[in-house]
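Engineer:
Protein chains: 4
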Amino acid sequence: MGKINKVNLMAKKRIEENEVFKSYFKNLTDRERAVFEGGITLGALFHQFVGTPVSLNSKETLEKAIEESMKNQPCVEDIEVKINGNFEDGKYLSLTGEMLDVRLKIKVNETTAILRLRYIEELDYPLMYVEEITS
Amino acid sequence: MGKINKVNLMAKKRIEENEVFKSYFKNLTDRERAVFEGGITLGALFHQFVGTPVSLNSKETLEKAIEESMKNQPCVEDIEVKINGNFEDGKYLSLTGEMLDVRLKIKVNETTAILRLRYIEELDYPLMYVEEITS
Amino acid sequence: MGKINKVNLMAKKRIEENEVFKSYFKNLTDRERAVFEGGITLGALFHQFVGTPVSLNSKETLEKAIEESMKNQPCVEDIEVKINGNFEDGKYLSLTGEMLDVRLKIKVNETTAILRLRYIEELDYPLMYVEEITS
Amino acid sequence: MGKINKVNLMAKKRIEENEVFKSYFKNLTDRERAVFEGGITLGALFHQFVGTPVSLNSKETLEKAIEESMKNQPCVEDIEVKINGNFEDGKYLSLTGEMLDVRLKIKVNETTAILRLRYIEELDYPLMYVEEITS
């Protein structure tokens, strides 16, 4: 029971649970808030990590670190990051947006949004969009 | 007239005018789309430029470059960036989120959103939020 | 044996073993080359990762990913990254240069350099310097 | 005369003029110090700005801001940044290392080093190297 309490306490300390923080979002519906926070996290992820040296050896560690760092962002419930690229043994690449395949789950009260960042060949562009949103 | 046509043509080439691009956003209202694109741009701005060396001498040039680069992002209508900091002569700082004061205008069809990134003392946190949204 | 050969082959493919690459560094002594490559990697590390959201939960994963990504850089023999910070449960910080404590080992032929990035209180500055160089 | 004094004073306040700062570099020759500081600045520049949205409209402002921000770094005497890219009207790109052409001048006492970051087609790699060093 002590453990459950502690976990609850920790959860409460996340900044998005703060009443002052919440007061800034009263003008948004839960859906709007979910896609706003999802947009922030996708933009943050792209512009924080693009340029990172990455190779076959370091790819998985980087995917994991991107996931774990982005879980700190407000309202992030889950995230999966996959780095695609034409890796050759011993060679490294500089991470680009085109190499990223991200699936991000945002939760605001009862609303859940699944957002994506992935390269769309038809557009030749790493697109950020909302794949699904349910409330 | 030739000039007007050329300007229109250029405007049409922006990626958000592309029909394939648009097809990914049919599940969002204009308001949702506006805050989604605004969130992306604020997250991008923060994580692209935090860490940049900045001094009294280089502050204005950096503010301008952040504004101009972010105007490239989809649906950005206008943006004002101000860098605050305790600058001393000859000393430089590493840009932090706390130093940024951003006012971003996003336009999606008839909907206009004003978004902010600014340090909120009460939260000790550089907050991204939607200041105003009208349709 | 097959495995040993494969490892050797991979090692040979690193870009710094390429003869064209090498030809650009004939004007430097091994010591100069070592501190040049060390400087690049410290500058890269700082400006790539500063701004990343980090908390008690994600700190170790990020330290590891910084190490593994920087091992891709030319002439990096080894690297240890420690993130210091006043982490509270449930709260996250944006990584700053002041939080980084890095020990980087560079090898160029028989020359080995140990470089550091760490916060120097007397300077109130995250300093990059060469701790030791031996040939 | 008052103005000259003031300028001198400002120059003296640069961190590389601080005696504590200097004490960390007694183990390096002026040439070693010059290439070390040059390496830091090239690594910093690449990893700070790669990923920035850039178009024909914003290219010059970004080049200027990269130059001005990097002039803050220790021992930087001058820097020229050119962004190359296949820009089309209305389209923007995400800045890559391959697009950067940088010429950096570092000065340590009587030693001057010219360093470059530029794409070398033969290596398919944005190479950082020392073009010239004189003392």
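The listed protein sequences correspond, in order, to chains A, B, C and D.
All letters in the first sequence, in the order written, are residues 16 to 150 by our numbering.
All letters in the second sequence, in the order written, are residues 16 to 150 by our numbering.
All letters in the third sequence, in the order written, are residues 16 to 150 by our numbering.
All letters in the fourth sequence, in the order written, are residues 16 to 150 by our numbering.
For glycine and all other residues, C-beta sits at the position ideal for the given N, C-alpha and C.
Run through chain C and tell me which residues come within less than 7 Å of residue 143 of chain D, C-beta to C-beta.
Structural biologist: The residue given as residue 143 of chain D occupies position 128 in the fourth sequence. Going along chain C in sequence order, the residues near residue 143 of chain D (Cβ under 7 Å) are 55.
Engineer: Is it buried or exposed, residue 74 of chain D, if we count other Cβ atoms within 10 angstroms and call 16 or more buried?
Structural biologist: Along the fourth sequence, read from residue 1 onward, the residue named residue 74 of chain D stands at position 59. By the 10 Å Cβ count, residue 74 of chain D comes out buried.
Engineer: Let me check understanding here. Comparing Cα to Cα, which of D/98, D/90, D/36 lies closest to residue 134 of chain D?
Structural biologist: The residue labelled residue 134 of chain D in the question sits at position 119 within the fourth sequence. Measuring from the Cα of residue 134 of chain D, the nearest candidate turns out to be D/98.
Engineer: I'd like to know if the region 85–97 of chain C and the region 79–98 of chain D are in contact, where contact means that at least 3 CB-CB pairs between them fall below 8 Å.
Structural biologist: Counting Cβ pairs under 8 Å, fewer than three are found: no touch.
Engineer: Determine, using beta carbons only, whether residue 107 of chain B and residue 30 of chain A come nearer to each other than 8 Å.
Structural biologist: Numbered from 1 along the second sequence, position 92 holds the residue referred to as residue 107 of chain B. Numbered from 1 along the first sequence, position 15 holds the residue referred to as residue 30 of chain A. Taking 8 Å as the Cβ cut-off, residue 107 of chain B and residue 30 of chain A do not qualify as a contacting pair.
Engineer: Compare the C-beta of residue 109 of chain A against all C-beta atoms of chain D and say whether one is closer than 8 Å.
Structural biologist: What you label residue 109 of chain A is simply residue 94 of the first sequence in a count that begins at 1. Residue 109 of chain A counts as touching chain D.
Engineer: Using 8 Å as the threshold, is the C-beta distance between residue 36 of chain A and residue 145 of chain B below it?
Structural biologist: Here residue 36 of chain A refers to the residue found at position 21 of the first sequence. Here residue 145 of chain B refers to the residue found at position 130 of the second sequence. No, the pair does not count as a contact, with Cβ atoms beyond the cut-off.
Engineer: For residue 143 of chain B, I'd like the list of residues in its chain whose CB is within less than 6 Å of its CB, leaving aside the five on either flank, ordered along the chain.
Structural biologist: Indexing the second sequence from 1 puts residue 143 of chain B at position 128. The answer, listed in chain order, is 57, 132.
Engineer: For the alpha helix (DSSP H) containing residue 37 of chain B, name the first residue and the last one.
Structural biologist: Along the second sequence, one-based indexing puts residue 37 of chain B at 22. From DSSP, the alpha helix (DSSP H) with residue 37 of chain B extends over 34–38.
Engineer: For residue 80 of chain A and residue 76 of chain C, which I take to be in contact (beta-carbon distance under 8 Å), what is that distance rounded to the nearest angstrom?
Structural biologist: On the first sequence, position 65 is the one that residue 80 of chain A refers to. On the third sequence, position 61 is the one that residue 76 of chain C refers to. Contact holds; Cβ gap of about 5 Å.
Engineer: Nearest to residue 120 of chain B by alpha carbon, out of B/105, B/72, B/49?
Structural biologist: On the second sequence, residue 120 of chain B is found 105 positions in, with the first residue counted as 1. Of B/105, B/72, B/49, the residue nearest in Cα terms is B/49.
Engineer: Let me check understanding here. Comparing Cα to Cα, which of B/126, B/71, B/103 lies closest to residue 91 of chain B?
Structural biologist: In the second sequence, residue 91 of chain B corresponds to position 76, counting from 1. Per the Cα distances, B/126.
Engineer: Using a Cβ-Cβ cutoff of less than 6 Å, which residues in the same chain neighbour residue 124 of chain C once the five nearest sequence positions on both sides are dropped?
Structural biologist: If you number the third sequence from 1, residue 124 of chain C lands on position 109. Same-chain partners within the cutoff: 45.
Engineer: Below 9 Å on C-beta distance, what does residue 102 of chain C contact in chain B?
Structural biologist: Your numbering for residue 102 of chain C matches position 87 in the third sequence. In chain order: nothing, as chain B lies at least about 14 Å away.
Engineer: Tell me whether the beta-carbon of residue 61 of chain B lies closer than 8 Å to the beta-carbon of residue 66 of chain C.
Structural biologist: Locating residue 61 of chain B in the second sequence gives position 46, where the first residue counts as 1. Locating residue 66 of chain C in the third sequence gives position 51, where the first residue counts as 1. It is a contact, given that the beta carbons lie within the stated cut-off.
Engineer: Taking only three categories from DSSP, how would you classify residue 60 of chain C?
Structural biologist: Working through the third sequence from its first residue, we reach residue 60 of chain C at position 45. If DSSP states are grouped into helix, strand and coil, residue 60 of chain C belongs with the helices.
Engineer: Would you kindly work out how many angstroms separate the C-alpha atoms of residue 68 of chain D and residue 96 of chain B, rounded to a whole number?
Structural biologist: In the fourth sequence, counting from the first residue as 1, residue 68 of chain D sits at position 53. In the second sequence, counting from the first residue as 1, residue 96 of chain B sits at position 81. Rounded to whole angstroms, residue 68 of chain D to residue 96 of chain B spans 16 Å at the Cα level.
Engineer: What is the rounded straight-line gap between the Cα of residue 33 of chain B and the Cα of residue 109 of chain D?
Structural biologist: Within the second sequence, numbered from 1, the residue matching residue 33 of chain B stands at position 18. Within the fourth sequence, numbered from 1, the residue matching residue 109 of chain D stands at position 94. Between residue 33 of chain B and residue 109 of chain D, the C-alpha separation is close to 18 Å.
Engineer: By the DSSP assignment, the beta strand (DSSP E) with residue 132 of chain A in it spans what residues?
Structural biologist: Within the first sequence, residue 132 of chain A is the residue found at index 117, counting from 1. 126–135 is the extent of the beta strand (DSSP E) around residue 132 of chain A.
Engineer: Between residue 54 of chain A and residue 55 of chain B, which are expected to be in contact by the criterion C-beta below 8 Å, what is the C-beta distance as a whole number of angstroms?
Structural biologist: The residue you call residue 54 of chain A lines up with position 39 of the first sequence. The residue you call residue 55 of chain B lines up with position 40 of the second sequence. So it is a contact: roughly 4 Å between Cβ atoms.
Engineer: Can you tell me which residues form a DSSP beta bridge with residue 114 of chain A?
Structural biologist: Counting from 1 along the first sequence, the entry for residue 114 of chain A is found at position 99. Looking at the DSSP assignment, residue 114 of chain A forms no beta bridge with any residue, so it has no partner.
Engineer: Show which residues of chain D have a CB atom less than 8 Å away from the CB atom of residue 66 of chain A.
Structural biologist: Taking the first sequence and counting its residues from 1, one reaches residue 66 of chain A at position 51. Those are 61, 62, 65, 66, 112, listed as they occur along chain D.
Engineer: Buried or exposed for residue 147 of chain C, going by 16 or more other Cβ atoms inside 10 Å?
Structural biologist: Working through the third sequence from its first residue, we reach residue 147 of chain C at position 132. Per the 10 Å Cβ criterion, exposed.
Engineer: Can the beta-carbon of residue 105 of chain D be found less than 8 Å from the beta-carbon of residue 28 of chain B?
Structural biologist: Mapped onto the fourth sequence, residue 105 of chain D falls at position 90. Mapped onto the second sequence, residue 28 of chain B falls at position 13. Contact: yes.
Engineer: Can you pull the DSSP bridge partners for residue 109 of chain A?
Structural biologist: Walking along the first sequence from the start, residue 109 of chain A turns up at place 94. The partner list for residue 109 of chain A (beta bridge, DSSP) reads A/68.
Engineer: Closest to residue 149 of chain A by CA distance: which of B/43, B/93, B/39 is it?
Structural biologist: For the purposes of this step, residue 149 of chain A is identified with residue 134 of the first sequence, where counting begins at 1. The shortest Cα separation from residue 149 of chain A among B/43, B/93, B/39 belongs to B/43.
Engineer: Keeping to the same chain, check which residues put their C-beta closer than 7 Å to that of residue 64 of chain B; ignore five residues upstream and five downstream.
Structural biologist: Numbered from 1 along the second sequence, position 49 holds the residue referred to as residue 64 of chain B. Counting only Cβ-Cβ distances below 7 Å, and skipping sequence neighbours, we find 81, 110.
Engineer: To the nearest angstrom, how far is it from the Cα of residue 115 of chain C to the Cα of residue 71 of chain C?
Structural biologist: Translated into positions along the third sequence, residue 115 of chain C becomes position 100. Translated into positions along the third sequence, residue 71 of chain C becomes position 56. Roughly 15 Å separates the two Cα atoms.
Engineer: Pick from B/78, B/38, B/39: whose alpha carbon is nearest that of residue 118 of chain B?
Structural biologist: Within the second sequence, residue 118 of chain B is the residue found at index 103, counting from 1. The option with the nearest alpha carbon to residue 118 of chain B is B/78.
Engineer: Any idea which residues DSSP pairs residue 141 of chain B with across the strands?
Structural biologist: Within the second sequence, numbered from 1, the residue matching residue 141 of chain B stands at position 126. For residue 141 of chain B, which the question treats as bridged, DSSP gives the partners B/134.
Engineer: Please confirm whether residue 87 of chain C has its beta-carbon closer than 8 Å to some beta-carbon of chain A.
Structural biologist: For the purposes of this step, residue 87 of chain C is identified with residue 72 of the third sequence, where counting begins at 1. Output row for residue 87 of chain C: interface = yes.
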